[in-house]
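Visitor: Questions regarding the structure given below will be posed in turn.
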Amino acid sequence: MAIESIPRAGVGLQLNHTIFTSTLSLKGIQMDFGEVLCDTFAGPVDSCYAIEPEARPVIDAMMEVLPLIAHGNYGAEFGFDPVESTRAHLRHNPVAHAMKSPWYADHMLFGDRASSYMWSSPLQFTKSEIERVAGRAAKLQDLFGMPVIHENAFYYAPFPGSTIAEADFISEIMMKAGTHMLLDLHNIYANSVNFEGYDAWKYLRTIPLDRVVEIHLAGGEPIEDWYHDFHNDYVPDEVWKMLDYVLDRAPNLKAVCLEAQGARHTPSAKQVTPEWGKMISHDLGKARTMWEAKLGEAAREGAH
Amino acid sequence: MDFGSEEAYAVWTRLIQDESLYAAMMSDSLDELVKTQGYRITERERELLAKFRAERGVRWMMENLRFRSAMQTAETVSHRLPRTVRLLTKGDDDWLQDITFEYLAFFHWKVLGFNTIAEVERFGGYVTSRVMKRRFTPAYLKELLAFEMEIVRVYGRTASIPEAAWRPLPSQAPSAAQVAESRPCRTPQVSVVHSEVDLSEWIRSADPLKGKVVPGHTAALVWIPSPLVKHQMQLLSPGARLLFDACLGRSTGAELAKHFAEEYGAQPARVLELIGEWMVKGALIESIVSSPAPAIGLMSKHLSLGIPLLTTSARGNLQIQAIDHQGSLAKSGIGVADELLKLDGVQLRSAAAWQDALVNKEVGDRCVMTIHRVGAQLDIDVELLPARQELFETTDVDDPSGSPWSEAMKSLGERVPKLFTEA
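Order-wise, the sequence lines are chains A and B. Per my numbering, the very first residue in the first sequence carries number 1; after that it's consecutive. Per my numbering, the very first residue in the second sequence carries number 1; after that it's consecutive.
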């Protein structure tokens, strides 16, 4: 289905490991969709299970109450193994279809069998890499049979050998592959805090905003010498300003999703507290207010 | 120099998998590493390493990667070996994180990721070969691990079954007549898992910190009926186990019923009922090709003797590997590890020879078993007790897994509809 024809989903929350396993109350929180990590429900690659059998009724139960959107964390889409053999195709593809997702979102990261390497392995921003990655992205979209959108990465270091700006890199990939974007505003903000010369606003002015289908919002945490994209605090003011900017300029934007997550990358990160319920409620509410103010009646045309 | 992505990624991977190289890079002591440990680092690799070194964030890349890898592996093994993990760590997640961190470091951070079965098998081997050798571990950990690993292997075997090969489950149980005519055969995704101790309390509760292991024997039938459901499990009494083992696609249900009635005193209707149950649940299918099978009824004429498992000792004698504690031999004082030497003074060196020796014995007869035990030869008086029909019982176990993720998954299905309204 062409992106233009996909109905707007609205404002939602990422339903991740933290949300599933903590005792956070989400009472009264209004959300239009749940973004679900395919990895949560995918079966082992070395078994017959495309979907974990215990997960099937959970997917069905969630679909009863709200639309689901598929997001892949560990698909290894842009590594060096054949696309057909990646976890994205073998496992995320069936999960995304099982949840009737309107699109599949991946990450601009290297990947291989050792999928936990992915978060620490941003792609190399070069011309030759554009060709390689765009080829894989186009192939992946064919295999999925649904739009594929790419999330820009938060990273601790640009990958050695990178020679062009990240915004140019991802823009060209989308144009060549015919794919779209999951614009993670907090990732851009966090990178701009950590890297001198990384200009968040220049980034937003560079990427083709008509290719932005989904937006991620989150908060982060400063630890020692770094500002980390740990999804464990309120969305910063600067990110709200970025959202405001993009809402005016992204005609194909379908969804805004909040991420909140406990410590998954380092023991130093903040742990979940009962206060997080209030934080999630606040940030979702603010996102909804902005979304509805900008889009008016068209805000939730695909609402459940 | 220009560096292609694959080349740069290869160096990054090497850094991840070589803690010494990473440490040397971070402490600017690569030359010393080369000199003292014979490392080979090309000029191009050096330049790439220098680029990584120049980035102040690279330590976060690496530290987070290791933490994350250990956490994900901990979640994987908790899910697939829930009882073992619980027993090993007494339910302490931090302790498990510690173990998985060391486990991955031992394997040079070559994470197997979502090749979950392979990762779990490797972890199980690590627990046996490393953890159990370096500290005291709880009693029966080895037996429990072996049991859970066999379940994991059943999952692993499903990878080689093409989708088209999964036969749909029958919509209803076959009639006794249908079972009698069929040649039941086990499906590829089935295993009889046994243990030399009675783990049934731990199996049922999924919590080895409660319940106990008692002397005895556990035989559990584990199978996967389809790619849409998780494994099924059934505890088998000795007779049920022998029956399942005998379903090799060679004998018809009628032949099996006759044999088990004659040899073990089983009720034919119960034999056919069991086979039918296994067929409708997907543990057995009807064989379409008859395959050669070893003779059934190897162990003894009378199941009441209660020896579900025999092996051969180092001395070449039959040795009891598992025993039914309600059977004739156990009640006479014969137990696991005893070697069977003679029956009524006649030396017997094979299961078939025992079979022949017992062929004229009847329930109520007495005989003298000569055994070898801990360096001594003993004569034990044995009364052949009647066959117990309980020996053909099965107990379905809803394997609760017990892992935190399985529990969360289970409760989420109930929680989701009220996710946003619960207090």
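Even glycine gets a Cβ: it sits at the ideal position worked out from N, Cα and C.
Specify the secondary structure class of I215/A as computed by DSSP and reduced to three states.
Guide: Residue state, collapsed to three classes: strand.
Visitor: In angstroms, rounded to a whole number, what distance separates the CA positions of I491/B and R83/B?
Guide: Shown here, chain B extends from 1 to 423; a query on residue 491/B therefore has no answer.
Visitor: Going by beta-carbon coordinates alone, are L318/B and E286/B separated by less than 8 angstroms?
Guide: Not a contact, by the Cβ cut-off of 8 angstroms.
Visitor: Taking the straight line between their C-alpha atoms, what separation do you get for L185/A and K241/A?
Guide: Using only the alpha carbons, I get a separation of about 10 angstroms.
Visitor: Considering only C-alpha positions, which residue in the set N191/A, S192/A, N152/A is nearest to I173/A?
Guide: Checking every option, the nearest Cα to that of I173/A belongs to N152/A.
Visitor: Look at the alpha carbon of T126/A and the alpha carbon of T163/A, and state the distance between them as a whole number of angstroms.
Guide: Computed Cα separation, rounded: 5 angstroms.
Visitor: Rounded to a whole number of angstroms, what is the C-alpha to C-alpha distance between H108/B and C247/B?
Guide: Cα-Cα distance, rounded: 44 angstroms.
Visitor: Relative to the C-alpha of W60/B, which residue among R91/A, M63/A, A269/A is closest?
Guide: Among R91/A, M63/A, A269/A, the Cα nearest to that of W60/B belongs to A269/A.
Visitor: Using 8 angstroms as the threshold, is the C-beta distance between N115/B and R205/A below it?
Guide: Not a contact, by the Cβ cut-off of 8 angstroms.
Visitor: Where do the N-terminal and C-terminal ends of the alpha helix (DSSP H) with H186/A fall, by residue?
Guide: Per DSSP, H186/A belongs to the alpha helix (DSSP H) from 185-194.
Visitor: Measure the alpha-carbon distance for E442/B versus G4/B and round it to whole angstroms.
Guide: Summary: the structure shown does not reach residue 442/B, with chain B confined to residues 1 through 423, and so no result is reported for it.
Visitor: Hey, is the stretch 57-64 of chain A in contact with the stretch 84-103 of chain A, meaning 3+ C-beta pairs nearer than 8 angstroms?
Guide: The answer is yes - the stretch 84-103 of chain A touches the stretch 57-64 of chain A, with three or more Cβ pairs under 8 angstroms.
Visitor: If V239/A sits next to Y189/A, beta carbons under 8 angstroms apart, how far is it from one beta carbon to the other, in whole angstroms?
Guide: About 5 angstroms separates the two Cβ atoms, so the contact holds.
Visitor: Quick one, are the C-beta atoms of L90/A and L109/A less than 8 angstroms apart?
Guide: It is not a contact, given that the beta carbons lie outside the stated cut-off.
Visitor: Chain D partners of Y227/A, CB-CB under 8 angstroms?
Guide: Protein chains A and B are contained in the structure displayed, whereas chain D is not.
Visitor: To test your reading of the DSSP string, which unbroken beta strand (DSSP E) runs of 3 or more residues are found completely within the stretch 113-183 of chain A?
Guide: Here the runs fully enclosed are 148-151.
Visitor: So what's W278/B in DSSP terms, helix, strand or just coil?
Guide: Reduced to three states, the DSSP call for W278/B is helix.
Visitor: Can you pull the chain B residues whose beta carbon is under 7 angstroms from the beta carbon of C48/A, in chain order?
Guide: Ordered by position in chain B, the residues that pass the 7 angstroms Cβ test against C48/A are T158, A159, I161, P227.
Visitor: Counting only Cβ pairs nearer than 8 angstroms, list the residues of chain A close to S5/B.
Guide: Near S5/B (Cβ distances below 8 angstroms), the residues of chain A are F110, L123, Q124, T126, S128, E129, R132, F159, G161.
Visitor: In terms of DSSP beta bridges, what is C185/B paired with?
Guide: Partner(s): L248/B, I285/B.
Visitor: Of all the CB atoms in chain B, is at least one closer than 8 angstroms to the CB of N194/A?
Guide: By this cut-off, N194/A is an interface position.
Visitor: Pairs of beta-carbons, one from the stretch 22-39 of chain B and one from the stretch 136-152 of chain A, closer than 8 angstroms: are there three or more?
Guide: Touching, no.
Visitor: Nearest by alpha-carbon distance to A425/B: which of V280/B, G216/B, A314/B is it?
Guide: Not covered by the structure: residue 425/B. The range shown for chain B is 1 to 423.
Visitor: Distance, Cα to Cα, D208/A vs L221/B?
Guide: For the record, residue 208/A in the displayed sequence is Pro; it is not Asp. Cα to Cα, the separation comes out at about 58 angstroms.
Visitor: Leaving aside the five residues before and after M290/A along the sequence, list all residues of the same chain whose C-beta is less than 7 angstroms from its C-beta, in chain order.
Guide: Here the set comprises L243, D244, L247.
Visitor: Are there 16 or more other CB atoms within 10 angstroms of the CB of G249/B, so buried, or fewer, so exposed?
Guide: Buried.
Visitor: Under the DSSP definition of a beta bridge, which residues are partnered with Y104/A?
Guide: In DSSP, Y104/A forms a bridge with A70/A, V148/A.
Visitor: Name the one or two DSSP bridge partners that C367/B has.
Guide: DSSP, once it has assigned bridges, lists V382/B as partnering C367/B.
Visitor: For the stretch 263-275 of chain A, list every residue whose C-beta sits within 7 angstroms of some C-beta in chain B, in sequence order.
Guide: Going along the stretch 263-275 of chain A in chain order, one finds R264, H265, T266, P267 with a Cβ nearer than 7 angstroms to chain B.
Visitor: Helix, strand or coil: which one does DSSP assign to Y9/B?
Guide: Reduced to three states, the DSSP call for Y9/B is helix.
Visitor: Spell out whether any CB of chain B is found under 8 angstroms from the CB atom of S281/A.
Guide: For S281/A, the answer is no, since every Cβ of chain B falls outside 8 angstroms of its Cβ.
Visitor: Does DSSP put L37/A in a helix, in a strand, or in coil?
Guide: In the structure shown, L37/A sits in a strand (DSSP, three-state: E or B).
Visitor: Measure from the C-beta of I99/B to each C-beta in chain A and report whether the shortest distance is under 8 angstroms.
Guide: Chain A, which has no Cβ nearer than 8 angstroms to the Cβ of I99/B, makes this no.
Visitor: Using a Cβ-Cβ distance under 8 angstroms, would F80/A count as near chain B?
Guide: Interface residue, yes.
Visitor: In the DSSP assignment, the alpha helix (DSSP H) including S281/A goes from what residue to what residue?
Guide: That run of the alpha helix (DSSP H) goes 276-295.
Visitor: What span of residues does the beta strand (DSSP E) with M233/B cover, start to end?
Guide: Counting along the chain, the beta strand (DSSP E) containing M233/B begins and ends at 232-236.
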